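Following the numbering used here, the numbering of the sequence shown begins with 325 at its first residue and continues without gaps.
The beta carbon of each residue, even a glycine, is placed where N, CA and C say it ideally should be.
Please read these numbers as outputs of a predicted model, since none were measured by experiment.
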Amino acid sequence: MSSATMESQTTDIRSIHLTFATAEEVHDGLDNAVKELIEAAVEDGNCGIRVTRHEPGAFTVALDESVPFGETYEDIAA
């Protein structure tokens, strides 16, 4: 059972914030969030997806107009 939390900023999902309790949860949790945002990216047609690691266990997966459509970029916040 995953303890990852997913919350969207709006009903039109453009961003998902995730928090994981264990490293084992990260891959599946991020994969599920990216899959959810792929649908929104296809509807938008003008942006890709950016995955940002803020600190251990804390991530944001978001639509980003600076990422080309059809691509996913990964970042580590400074």
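If you follow the beta strand (DSSP E) that residue i is part of, which residue opens it and which one closes it?
i, result
"I400", "T396 to I400"
What residues are listed by DSSP as bridge partners for residue i?
i, result
"T376", "T384 and D399"
Please indicate yes or no: does the CB of residue i lie closer than 8 Å to some heavy atom of the ligand ADP?
i, result
"D352", "Ligands are entirely absent from the displayed structure, and the ligand ADP is therefore not among its contents."
To which residues of the same chain is residue i closer than 8 Å at the C-beta, ignoring the five residues directly before and after it?
i, result
"A364", "D336, I337, R338 and L387"
If you count every other CB in all the chains shown that lies within 10 Å of the CB of residue i, and 16 or more means buried, which is it?
i, result
"G353", "buried"
"I340", "buried"
"A357", "buried"
"H369", "It is Gly, not His, that sits at residue 369 in the sequence shown. Exposed, because fewer than 16 other Cβ atoms sit within 10 Å of the Cβ of G369."
"G394", "exposed"
Span of the alpha helix (DSSP H) holding residue i?
i, result
"N356", "A347 to D368"
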